[in-house]
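The next block holds one structure in the form of structure tokens; read it before the comments.
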Ligand SMILES: Cc1cc2nc3c(=O)[nH]c(=O)nc-3n(C[C@H](O)[C@H](O)[C@H](O)COP(=O)(O)OP(=O)(O)OC[C@H]3O[C@@H](n4cnc5c(N)ncnc54)[C@H](O)[C@@H]3O)c2cc1C
Ligand SMILES: Nc1ncnc2c1ncn2[C@@H]1O[C@H](COP(=O)(O)O)[C@@H](O)[C@H]1O
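Chains as they are written, first to last, in the numbering used here: chain A, 8 to 270; chain B, 263 to 589.
Right, here's the structure in full:
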């Protein structure tokens, strides 16, 4: 059983608002303090989902990413958690791709490496919060697509997922091969182990460059042009309610809300 | 002939009036507007609904053997067929956890350009320009969809202020039966389980009382529920509190949770990360209790208390109870 997990490095989404600056040339955000990127959180959930399958079967887990300027500590984190292989599709051509083009590049690379039984993706990348790449990848590879999994079970060739929906869940079923997107409700990703960290240190990722893939990137543009980025402004002036101690503040707040007609 | 189609989620017709909002946006973009919805049962389309202010209502009827609810694949193929059949050049949908998985694939199949989760859309000649929050709401992207392609856009719920009035005259309804391929039936929905929490619906409540990581455990949420009962409000939570297992994910508010727009959003121990605010910044009055005077949530709050909820909350509840009992 071969599982492939698509991962992306992103700006740390926990950066406080004031920590972001707009880079006008590339029309993207950067960290004011040059903080290192992190692995997209939902991709960690996807890696965890793959490793849970590996825990009980003899699955092989390969992680794959398209981009440039990879930070190796970030990209190798899945290996230190227990994944087997890392494939990097790397080069300046792959910088700031739109999601449709990214999906085409992944499709092309996956066809070259060999189609796995199961592809796992994060539900969305916390840069543009798109959630497009997995859906388009499933279209391109003509795979069954099961989204927003909080649990995955496999029974030989049949995959079942519990899909998060508002106020509940659904059970979806399909035959492999399939593509699944994973949501944070799956639960905390495991920590790297000592052995995993050593494996990560020794691991040489398989690198694919533009010339290895027979692909014309411009053909896939989705005709969406980003003209600019701006930082939203909030105009609220907060009125602080302050008593002599916290209890009194609580009481005064209740009175204030009553006067304001809010309760 | 340019044609805009507003697509409505199965079962969402009567629910919350958001149809009238997105319809007013569609109508503001000029061009003929139709509404397309999925229904296996025409009888449920009440007379009121036939008065949505548009030129046509299309009822997409799928064979009941395809299942209920319909799988994403059946819906995507139905919409692909509909857009081609009716020469739709702009598709609009509310951004929901339903359309999230559908709209991009429809766009891909009809070779349309796609704008996701927009808070504003304008037409400039043959071009459509949109504004959408990115980086969890830390930035706004201004994008434009190219002239010569068809277009698909999803709209953040409640970002359109004025609802479209209903029409005085009935609107013609056309039934359509799309073609479905075998491969559209690859994913089966075996079971749908819904757990509706007691009390008013989070999406509709006039008062929402939300707790975050600062509450430190599950017990304080019982206190928030007590307060919600007194005020006839609904309880919500940040993702951090849900991920910690203190409260079910159904209560999560934010970018990947629910969107709420109550009259008052009362938060305890929530820092106000942009991904959280994405789900509540449309509230008319945000009131926050946080021990950190620099917490981001105060920037969006009308009233704030800098303090420890352990002390503020019990006194607040007691005072609220007295004030409410007085009436
Ligand atoms: C792609 C993506 C999507 C996300 N989607 C969502 C989403 O839908 N919803 C969501 O909520 N988050 C979401 N997040 C997470 C978000 O970025 C924040 O991590 C999260 O909202 C933080 O929750 P919090 O405010 O409860 O916790 P924290 O940020 O840890 O804040 C806790 C607050 O409690 C205060 N506090 C501590 N002790 C006390 C006390 N005794 N009394 C009073 N105050 C106290 C602290 O000062 C602090 O401000 C998402 C993140 C990503 C990357
Ligand atoms: N450059 C990339 N390389 C590999 N996988 C990606 C890339 N971009 C997105 N993905 C995958 O697609 C998911 C959704 O991304 P997005 O559509 O950008 O929101 C991510 O969680 C990843 O699993």
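Ideal Cβ positions, reconstructed from N, Cα and C, are used throughout, including at glycine. Only a predicted model underlies this, so the values are computations on that prediction, with no experimental measurement involved.
In angstroms with no decimal places, state the Cα-to-Cα distance between residue i and residue j.
i: residue 184 of chain A; j: residue 442 of chain B; result: 21 Å
i: residue 34 of chain A; j: residue 140 of chain A; result: 20 Å
i: residue 378 of chain B; j: residue 577 of chain B; result: 44 Å
i: residue 269 of chain A; j: residue 585 of chain B; result: 12 Å
i: residue 232 of chain A; j: residue 173 of chain A; result: 32 Å
i: residue 527 of chain B; j: residue 456 of chain B; result: 25 Å
i: residue 433 of chain B; j: residue 296 of chain B; result: 10 Å
i: residue 129 of chain A; j: residue 553 of chain B; result: 34 Å
i: residue 143 of chain A; j: residue 88 of chain A; result: 28 Å
i: residue 64 of chain A; j: residue 11 of chain A; result: 15 Å
i: residue 287 of chain B; j: residue 563 of chain B; result: 28 Å
i: residue 537 of chain B; j: residue 502 of chain B; result: 11 Å
i: residue 540 of chain B; j: residue 239 of chain A; result: 12 Å
i: residue 123 of chain A; j: residue 8 of chain A; result: 8 Å
i: residue 164 of chain A; j: residue 324 of chain B; result: 29 Å
i: residue 176 of chain A; j: residue 152 of chain A; result: 17 Å
i: residue 385 of chain B; j: residue 265 of chain B; result: 13 Å
i: residue 472 of chain B; j: residue 481 of chain B; result: 14 Å
i: residue 461 of chain B; j: residue 494 of chain B; result: 7 Å
i: residue 13 of chain A; j: residue 186 of chain A; result: 10 Å
i: residue 51 of chain A; j: residue 206 of chain A; result: 18 Å
i: residue 314 of chain B; j: residue 32 of chain A; result: 45 Å
i: residue 383 of chain B; j: residue 424 of chain B; result: 14 Å
i: residue 263 of chain A; j: residue 504 of chain B; result: 30 Å
i: residue 79 of chain A; j: residue 215 of chain A; result: 15 Å
i: residue 98 of chain A; j: residue 223 of chain A; result: 14 Å
Does the separation of the CB atoms of residue i and residue j fall below 9 Å?
i: residue 105 of chain A; j: residue 69 of chain A; result: no
i: residue 353 of chain B; j: residue 267 of chain B; result: yes
i: residue 374 of chain B; j: residue 411 of chain B; result: yes
i: residue 280 of chain B; j: residue 419 of chain B; result: yes
i: residue 61 of chain A; j: residue 210 of chain A; result: no
i: residue 342 of chain B; j: residue 368 of chain B; result: yes
i: residue 193 of chain A; j: residue 55 of chain A; result: yes
i: residue 507 of chain B; j: residue 513 of chain B; result: no
i: residue 150 of chain A; j: residue 126 of chain A; result: yes
i: residue 559 of chain B; j: residue 568 of chain B; result: no
i: residue 474 of chain B; j: residue 533 of chain B; result: yes
i: residue 182 of chain A; j: residue 362 of chain B; result: no
i: residue 101 of chain A; j: residue 73 of chain A; result: yes
i: residue 381 of chain B; j: residue 364 of chain B; result: no
i: residue 189 of chain A; j: residue 511 of chain B; result: no
i: residue 159 of chain A; j: residue 565 of chain B; result: no
i: residue 469 of chain B; j: residue 490 of chain B; result: yes
i: residue 476 of chain B; j: residue 531 of chain B; result: yes
i: residue 591 of chain B; j: residue 351 of chain B; result: Residue 591 of chain B is absent from the model: chain B starts at 263 and stops at 589.
i: residue 579 of chain B; j: residue 485 of chain B; result: yes
i: residue 19 of chain A; j: residue 42 of chain A; result: yes
i: residue 438 of chain B; j: residue 344 of chain B; result: yes
So which residues on chain B does residue i lean against when the C-beta distance must stay under 8 Å?
i: residue 208 of chain A; result: Under the 8 Å cutoff, chain B gives no residues; its nearest Cβ is about 30 Å from residue 208 of chain A.
i: residue 234 of chain A; result: 391, 404, 405, 406
Taking C-beta pairs closer than 9 Å, name the residues in chain B that residue i reaches, listed in chain order.
i: residue 177 of chain A; result: 331, 451, 452, 453, 454, 455
i: residue 151 of chain A; result: 335, 445, 448, 449
Run down chain A in chain order and give the residues with a C-beta less than 9 Å from the C-beta of residue i.
i: residue 372 of chain B; result: What residue 372 of chain B touches in chain A: nothing, since even the nearest Cβ is about 12 Å away.
i: residue 483 of chain B; result: Result: empty, since nearest Cβ-Cβ is about 17 Å, beyond 9 Å.
i: residue 567 of chain B; result: 247, 248, 249, 250, 253, 256, 257, 259, 260
For a contact meaning CB atoms closer than 7 Å, what does residue i contact in chain A?
i: residue 266 of chain B; result: Result: empty, since nearest Cβ-Cβ is about 18 Å, beyond 7 Å.
i: residue 536 of chain B; result: 24
i: residue 398 of chain B; result: 20, 133, 136
i: residue 328 of chain B; result: Ordered by position in chain A, no residue passes the 7 Å Cβ test against residue 328 of chain B, which lies about 14 Å from the chain.
Residue i touches chain A at which residues, Cβ-Cβ below 8 Å?
i: residue 344 of chain B; result: Result: empty, since nearest Cβ-Cβ is about 18 Å, beyond 8 Å.
i: residue 578 of chain B; result: 257, 258, 260, 261
Report the neighbours of residue i on chain B: residues whose CB is nearer than 7 Å to its CB, in chain order.
i: residue 103 of chain A; result: None at all; the shortest Cβ gap to chain B is about 13 Å.
Discussion item. List, from N- to C-terminal side, the beta strand (DSSP E) runs of 3 residues or more that fit wholly inside the stretch 188-225 of chain A.
Written reply: 213-215
Fill in: beta strand (DSSP E) runs contained entirely in the stretch 398-440 of chain B, provided each spans 3 or more residues
401-407, 413-418, 435-438
Discussion item. Quick test of the definition: if touching needs 3 or more C-beta pairs under 8 Å, does the stretch 255-270 of chain A touch the stretch 391-406 of chain B?
Written reply: no
Item to complete: Decide yes or no for the touch test of the stretch 129-140 of chain A against the stretch 383-400 of chain B: beta carbon pairs closer than 8 Å, at least 3 of them.
Response: yes
Worksheet item: Between the stretch 326-334 of chain B and the stretch 443-462 of chain B, do at least 3 Cβ pairs fall closer than 8 Å?
Response: yes
Worksheet entry | Whole runs of the beta strand (DSSP E) within the stretch 467-510 of chain B, excluding any shorter than 3 residues | 469-473, 496-499
Worksheet item: Of all the beta strand (DSSP E) runs that stay within the bounds of the stretch 505-552 of chain B, which reach a length of 3 or more residues?
Response: 526-530, 547-552
Discussion item. Please give the ranges of any beta strand (DSSP E) in the stretch 28-65 of chain A, keeping only runs that are unbroken, at least 3 residues long and fully inside the region.
Written reply: 35-38
Item to complete: Please go through the stretch 117-162 of chain A and give each complete beta strand (DSSP E) segment of 3 or more residues, from N-terminal end onward.
Response: 125-129, 151-162
Item to complete: Please list the segments of the beta strand (DSSP E) lying wholly inside the stretch 305-357 of chain B, counting only runs of 3 or more residues, in order along the chain.
Response: 318-322, 352-357
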